[in-house]
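Read left to right, the sequence shown gives residues 1 to 292 (the UniProt record's numbering). Please read the structure below before turning to the comments.
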Amino acid sequence: MTGAEKGGFRACADKGGPLTEVHLKFRSSSANLWRVVNPGTGAQYTFESRHLPEVRKSESLGVVRVPRGQQSAWKIVDTLNELYWPASDANSRGSLCWTSRQPDDACEQLTFSWGKDETEGGYFDVGDSNQVVLAAGDADSRHTILHEAGHWLQWQLYGHWLPATPDCEEHTFALASSPGCAWTEGFADAAAAYALGDYRYVDVDGTPFDLHNDRDSDWDRGDSVQGRIGSSLLDLWAEDGPDGGGWDRTIALMSRHRSDDFREHFTVDRPKADLSTTGEARDIVREHTLDY
Ligand SMILES: [Zn+2]
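Below, the structure written as structure tokens:
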């Protein structure tokens with residue numbers, strides 16, 4: 001495990017006596033919970049530290065750097081921690097897996113396919129591949145990485161299921177698509193922002209989109225608008241919000257109840273989990289033009 005601040009680490013060998021040669025090999029994965037693979041070979045990225053001959057005691061490896069052409073793959077590995085930590089915290093069983101759907105000894109692994117020359121990508125591959133496919137530049141945005149992982153997380157929470165998402169090809173924050181599209185895209189936007197502790201979607205070229213909106217905003221209105229859904233979720237999960245200061249109860253609820261759209265999630269499923277649909281919670285969604 002590397003230190004959180006500077007990334008320092010110690011590696012120990014239990015073999016007694018001098019070692020004729022020592023090196024460390026790094027793989028683009030985090031234990032068995034997620035990995036990044038090369039789309040050409042399907043294999044994880046790897047690199048080795050410098051090789052030390054005749055090691056008798058502690059020796060410094062010096063600074064270990066990811067090779068230039070692989071750096072985005074390792075950025076993906078690193079960024080996925082940001083979603084895994086709050087997702088696993090929200091797991092009522094304290095499971096090691098991403099969701100409480102799986103037993104600890106059979107966690108499902110999330111795979112990101114990323115290649116430095118790939119031009120096609122930027123989607124979660126709905127099917128049973130547990131795979132997100134990114135184009136080369138998609139990894140430049142942590143929000144994009146986490147948004148796509150957010151789609152996978154919802155699919156996992158729902159037991160390998162996502163609602164129908166008509167009119168979702170050209171979806172964007174402030175324009176109406178369909179309730180199913182806005183629910184899945186809004187959840188993914190909110191998951192990324194929540195994981196990173198902000199209220200934005202920062203695109204791959206670095207352009208931030210502020211998800212704040214209200215009844216006066218010049219946005220389309222209602223629950224077919226993904227930005228209305230994403231901001232509603234972020235407000236419900238806010239530190240001083242009505243859900244107890246985070247998304248834990250929403251994650252627990254979603255692992256038990258599927259919903260076709262946000263209306264069903266809010267009006268039918270929240271009551272099943274004793275989450276409020278009146279007072280402050282209703283004020284929040286109404287402020288985002290969801291008049292339930
Ligand atoms: Zn999406």
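Using N, Cα and C, we set each Cβ at its ideal position, and we do this for glycine too. These figures come from a predicted structure and were not determined experimentally.
**Request:** Mark Cys12 as exposed unless 16 or more other C-beta atoms lie within 10 angstroms of its C-beta, in which case mark it buried.
**Result:** Residue environment: Cys12 is assigned as exposed (fewer than 16 neighbouring CB atoms within 10 Å of its CB, all protein chains considered).
**Prompt:** Mind checking whether the beta-carbon of Glu21 lies closer than 8 Å to any heavy atom of ligand 1?
**Reply:** At a cut-off of 8 Å, the beta-carbon of Glu21 does not count as near ligand 1: no heavy atom of the ligand is closer than that.
Requested in this report: Might you give, ordered along the chain, the residues of its own chain that have their beta carbon closer than 8 Å to the beta carbon of Val64, omitting 5 neighbours on each side?
Outcome: Leu24, Phe26 and Ser49.
Can you name the residues that DSSP bridges to Asp261? Answer is none; Asp261 lacks a bridge partner.
| task | Check Asp240 in the structure and name its three-state DSSP category. | result | Looking at Asp240 - three-state DSSP - the assignment turns out to be coil, as it is neither helix nor strand.
If you check the beta carbons only, do Ala176 and Ala182 fall under 9 Å apart? Between Ala176 and Ala182, the C-beta spacing is below 9 Å.
Open item on the list: Could you compute how far the alpha carbon of Glu280 sits from the alpha carbon of Pro242?
Closed with: Rounded to the nearest whole angstrom, the C-alpha separation of Glu280 and Pro242 is 6 Å.
Any chance the CB of His143 is under 8 Å from a heavy atom of ligand 1? No, Cβ of His143 sits at least 8 Å from all heavy atoms of ligand 1.
- Neighbourhood of Trp161 by C-beta, 8 Å cutoff - its chain only, sequence neighbours within 5 removed: Answer for Trp161: Trp155 and Arg258, listed in chain order.
Along the chain, where does the alpha helix (DSSP H) that runs through Lys75 open and close?
That run of the alpha helix (DSSP H) goes Gln71 to Asp89.
### Query
Does the beta-carbon distance from Asp34 to Leu80 come in below 9 Å?
Note on identity: in this sequence residue 34 is Trp, with Asp being the wrong assignment. Their beta carbons are under 9 Å apart, which means Trp34 touches Leu80 by this criterion.
Discussion item. Under 8 Å: do the stretch 123-133 and the stretch 227-241 share three or more Cβ pairs, one atom per stretch?
Written reply: Flag = no, the stretch 123-133 and the stretch 227-241 do not touch.
Contact between the stretch 138-146 and the stretch 196-204 is defined here as three or more beta-carbon pairs at a separation below 8 Å; is this criterion met? Yes: the two stretches touch, three or more of their Cβ pairs being nearer than 8 Å.
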